[in-house]
Amino acid sequence: MKARGGAKTIILGLLTCAILPSVSMAGTKAKTIMKEQPKLRPGGGDDIRAIMHFFYERLVELRPALTSELEFSDKKNRKTIRLVLSEVEARLKNPNSQDVMIGEGHRATVELFRQHIADTRESFDLGEITRAYQGVRMATEFCISCHTHLPQKGMPKLDWKKDILARDPRDVRRTADFYYVTRRYDYSLNIYNYLIREYPKSVLQEGDLRDIYRRKMLVYARVKRDPGEAVANLAEDLKNKELPIGIVREVEAWKQSFANWQEEDKKNPVPKDAKQIAAYTDKLLKDLEGYRGPSDSHPYLVNLLKVSGYLYEELFRSYKEEDKARNLYHLGRVERILGQSSFAALGDLYLKECVRTAPQSNWAPRCLAEYKTYLDWRYPQGKKRPAKLDKELRELEQILGKAAGKGV
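Numbering (my numbering), first residue to last: 10 to 417.
So, in structure tokens, the structure goes:
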């Protein structure tokens with residue numbers, strides 16, 4: 010079953026979400042930062058598209074640092090990272106346009122991108138390496154407002170084989186990761202398939218295999234929503250008898266989840282409108298009440314990825330404030346549950362957007378309550394919460410209070 014809307018179905022990619030202790034970093038004082046502030050490149054315009062194209066040009070310069078958090082935290086990359094973030098943030102300070110950029114299932118504005126880059130740069134300067142690393146990679150999510158980077162009619166095919174010939178296997182993995190991060194899913198999938206099927210010659214660790222499978226499952230469940238293709242792909246992987254037994258068990262569980270999805274499609278029609286998608290999501294979330302997070306092989310994981318794909322697509326179609334707020338609320342809940350597994354929690358972004366863009370909706374109070382639940386999960390009792398998050402929470406409460414006639 011192909012995704013509604015064809016191969017161009019959108020995705021907000023998921024990243025690994027390990028919350029590690031902050032890494033102290035010397036040399037990030039204000040004077041140093043100001044000294045390293047780059048000069049803006051001339052021209053290019055200040056609308057969201059021009060800024061995103063400019064950002065992508067600089068992103069290529071960070072390619073070595075984006076392949077892993079270890080590389081991102083390496084001292085040799087810090088100056089380049091700081092310069093790129095500072096230049097992009099400076100470009101966003103006085104935009105000439107606040108036009109909304111709408112793409113296949115996503116909306117982006119200069120302000121939303123500015124907030125994200127500012128938070129990422131601040132996290133980097135504070136030495137919160139994990140958060141900054143995720144922030145830089147998540148910034149590419151804005152690219153999908155124009156680019157889905159899935160195969161389309163007339164789109165030139167890339168020769169992925171040239172990236173695996175006569176190269177160090179570790180470099181091949183980094184190449185695949187970079188193309189995944191920049192949304193070239195077709196290209197990265199081919200290389201990931203090669204690495205899995207050539208194991209152990211591909212010099213991957215078991216943890217590497219799990220990371221690759223999380224990405225493959227995300228593409229098949231959320232982007233393509235094609236269980237048949239997923240079953241066939243995983244069956245091909247399982248022909249490699251050298252795969253670790255733990256990986257084999259997880260792949261078999263994934264494969265069964267997609268097979269169940271195929272059978273479900275035969276019995277029940279695919280949700281086609283906002284009402285059906287909301288009902289489908291409510292039922293799934295109700296079934297998951299009290300659940301503390303699926304393992305990578307848990308059958309609910311495929312369902313969560315699938316329903317999030319429906320929600321993203323419906324969000325694009327939501328023009329009424331109430332409908333948009335409902336979709337943002339559901340996305341926030343789904344993403345938080347996914348975040349309890351080995352996927353990044355992006356739910357806070359949607360929940361905050363719900364309060365800010367639809368404060369008078371019936372869903373805004375629920376979004377704020379869910380955001381507080383998210384913060385309690387992200388920063389359990391005894392773990393210090395950054396002051397900027399408490400400040401942001403107060404701002405959201407003020408927005409909601411003002412909308413209800415209770416605020417200043």
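Where is the CB? At the ideal position from N, CA and C, for every residue including glycine. Since the model is a prediction, treat every value here as computed from it, not as a measurement.
Determine the DSSP secondary structure at SER77, reduced to helix, strand or coil.
Locating residue 77 in the sequence shown gives position 68, where the first residue counts as 1. SER77 falls in the coil class under three-state DSSP.
Under the rule that 16 or more other beta-carbon atoms within 10 Å means buried, what is PRO389, buried or exposed?
The residue you call residue 389 lines up with position 380 of the sequence shown. PRO389 should be labelled exposed.
I'd like to check one pair, LYS333 with ARG234: are the Cβ atoms closer than 8 Å?
As a first step, residue 234 must be located in the sequence shown, where it is residue number 225. As a first step, residue 333 must be located in the sequence shown, where it is residue number 324. Not in contact: ARG234 and LYS333 (Cβ atoms no closer than 8 Å).
Which class does ALA413 belong to by DSSP, given the choice of helix, strand or coil?
For the purposes of this step, residue 413 is taken as the residue at position 404 of the sequence shown. Here ALA413 sits in coil by DSSP.
Quick check: the Cα distance between LEU347 and SER317, rounded to an integer number of angstroms?
Numbered from 1 along the sequence shown, position 338 holds the residue referred to as residue 347. Numbered from 1 along the sequence shown, position 308 holds the residue referred to as residue 317. Spanning the two alpha carbons is a distance of roughly 10 Å.
Am I right that LEU94 and ARG130 are in contact with their C-beta atoms under 8 Å? What's the rounded C-beta distance?
One-based indexing of the sequence shown puts residue 94 at position 85. One-based indexing of the sequence shown puts residue 130 at position 121. With 8 Å as the limit, LEU94 and ARG130 qualify as a contact, their Cβ atoms being about 4 Å apart.
How many Å lie between TYR380 and LYS361 at the Cα?
Start at 1 with the first residue of the sequence shown, and residue 380 comes out as number 371. Start at 1 with the first residue of the sequence shown, and residue 361 comes out as number 352. In a straight line, the C-alpha of TYR380 is about 7 Å away from that of LYS361.
If you follow the alpha helix (DSSP H) that ASP291 is part of, which residue opens it and which one closes it?
For the purposes of this step, residue 291 is taken as the residue at position 282 of the sequence shown. Unbroken alpha helix (DSSP H) run through ASP291: 283 to 296.
So, for PRO51: in the same chain, excluding its five sequence neighbours on each side, which residues have a beta-carbon less than 6 Å away from its beta-carbon?
Sequence index remark: in the sequence shown, residue 51 carries index 42 (1-based). With a pLDDT of 40 at PRO51, under the threshold of 50, the modelled position of this residue cannot be trusted, and the question is left open.
Please go through the same chain and pick out, in chain order, the residues whose beta-carbon is closer than 8 Å to the beta-carbon of TYR229, but skip the five residues on each side of it.
Counted from its first residue, the sequence shown places residue 229 at position 220. Excluding residues within five positions, the ones whose Cβ falls inside 8 Å are ASP235, PRO236, GLU238, ALA239, ASN242, PHE267.
Can you check whether the CB of PHE64 is closer than 8 Å to the CB of ARG91?
Position 82 of the sequence shown holds residue 91. Position 55 of the sequence shown holds residue 64. Result no, Cβ atoms of ARG91 and PHE64 do not sit closer than 8 Å.
Just verifying my parser: in three-state terms, what is the DSSP assignment at TRP372?
By one-based count along the sequence shown, residue 372 stands at place 363. The answer is coil: DSSP assigns TRP372 none of H, G, I, E or B.
Contact between the segment 199 to 208 and the segment 218 to 225 is defined here as three or more beta-carbon pairs at a separation below 8 Å; is this criterion met?
Yes, the segment 199 to 208 is in contact with the segment 218 to 225.
Could you tell me the alpha carbon to alpha carbon distance between ILE138 and LYS88, rounded to whole angstroms?
As a first step, residue 138 is located in the sequence shown; it is residue number 129 there, counting from the start. As a first step, residue 88 is located in the sequence shown; it is residue number 79 there, counting from the start. Going from the Cα of ILE138 to the Cα of LYS88 covers about 14 Å.
Measuring alpha carbon to alpha carbon, tell me which residue in ALA396, ARG394, GLY356 is nearest ALA378.
By 1-based counting over the sequence shown, the position of residue 378 is 369. Selected option, being the one with the closest Cα: GLY356.
In whole angstroms, give me the CA-to-CA distance for LEU227 and ALA373.
The sequence position of residue 227 within the sequence shown is 218, counting from 1. The sequence position of residue 373 within the sequence shown is 364, counting from 1. Approximately 28 Å between the Cα atoms of the pair.
Buried or exposed: which applies to TYR189, given that a residue is buried once 16 or more other Cβ atoms fall within 10 Å of its Cβ?
As a working mapping, residue 189 is identified with position 180 in the sequence shown. Result: buried.
When you compare the CB positions of ARG67 and GLU98, do they come within less than 8 Å of one another, or not?
Residue 67 sits at position 58 when you count from the first residue of the sequence shown. Residue 98 sits at position 89 when you count from the first residue of the sequence shown. Cβ atoms of ARG67 and GLU98: not closer than 8 Å.
Flag LYS88 as yes if its beta-carbon sits less than 8 Å from any beta-carbon of chain C, otherwise no.
No chain C is part of this structure, which consists of one protein chain only.
Give me the Cα-Cα distance between LYS329 and SER370, rounded to the nearest whole angstrom.
The sequence position of residue 329 within the sequence shown is 320, counting from 1. The sequence position of residue 370 within the sequence shown is 361, counting from 1. Their Cα atoms are separated by approximately 10 Å.
Could you check whether LEU398 and VAL364 sit closer than 8 Å to each other, using their CB atoms as the reference points?
The residue given as residue 364 occupies position 355 in the sequence shown. The residue given as residue 398 occupies position 389 in the sequence shown. No, the Cβ-Cβ distance between VAL364 and LEU398 is not below 8 Å.
Can you name, in chain order, every residue of its own chain whose Cβ lies under 6 Å from the Cβ of ASN336, other than the five neighbours on each side?
In the sequence shown, residue 336 corresponds to position 327, counting from 1. For ASN336, where only same-chain residues beyond five positions count, the Cβ hits under 6 Å are LEU320, GLU323, LEU324, SER327.
LYS264: buried (16+ other C-beta within 10 angstroms of its C-beta) or exposed?
Position 255 of the sequence shown, counting from 1, holds the residue named residue 264. Its Cβ being crowded by 16 or more others within 10 Å, LYS264 is buried.
Output the boundary residues of the alpha helix (DSSP H) element that contains GLY501.
The structure shown does not extend to residue 501, since the chain is modelled only from 10 through 417, so no value can be given for it.
Secondary structure at LYS400, three-state DSSP: helix, strand or coil?
The residue you call residue 400 lines up with position 391 of the sequence shown. DSSP places LYS400 in helix when its eight states are reduced to three.
Measure from the alpha carbon of PRO368 to the alpha carbon of each residue in TYR359, ALA412, LYS400, then state which is nearest.
By one-based count along the sequence shown, residue 368 stands at place 359. When only C-alpha atoms are compared, the closest one is ALA412.
Mind checking which residues open and close the alpha helix (DSSP H) that includes TYR194?
Translated into the one-based positions of the sequence shown, residue 194 becomes position 185. Taken as a continuous stretch (DSSP letters only), the alpha helix (DSSP H) holding TYR194 covers 194 to 206.
Given this structure, state the Cα-to-Cα distance separating ARG258 from GLU251, to the nearest angstrom.
Locating residue 258 in the sequence shown gives position 249, where the first residue counts as 1. Locating residue 251 in the sequence shown gives position 242, where the first residue counts as 1. When rounded, the distance between both Cα atoms is 13 Å.
Anyone know if the C-beta pair for VAL145 and LEU71 falls short of 8 Å?
Position 136 of the sequence shown, counted from the start, is the residue given in the question as residue 145. Position 62 of the sequence shown, counted from the start, is the residue given in the question as residue 71. Taking 8 Å as the Cβ cut-off, VAL145 and LEU71 qualify as a contacting pair.
Can you tell which of ASN312, VAL212, ARG100 has the C-alpha that lies nearest to the C-alpha of GLN418?
Since the first residue shown for the chain is 10 and the last is 417, residue 418 is missing from the structure and cannot be characterised.
Here's a check: name, in chain order, each residue in its chain whose Cβ is nearer than 8 Å to the Cβ of ASP186, leaving out the five neighbours to either side.
As a first step, residue 186 must be located in the sequence shown, where it is residue number 177. LEU75, THR76, SER77, SER197, listed in sequence order.
On the CB-based measure, 16 or more other CB atoms within 10 Å of its CB, does GLU404 come out buried or exposed?
Looking up residue 404 in the sequence shown gives position 395. The residue in question, GLU404, is exposed, as its Cβ has fewer than 16 Cβ neighbours within 10 Å.
Assign LYS400 to one of two classes, buried (16 or more other C-beta atoms within 10 Å of its C-beta) or exposed (fewer than that).
Numbered from its first residue, the sequence shown carries residue 400 at position 391. Flag for LYS400 reads exposed.
Could you compute how far the alpha carbon of ASP291 sits from the alpha carbon of ASP274?
Against the sequence shown, residue 291 aligns to sequence position 282. Against the sequence shown, residue 274 aligns to sequence position 265. Taking the straight line joining both Cα atoms gives about 18 Å.
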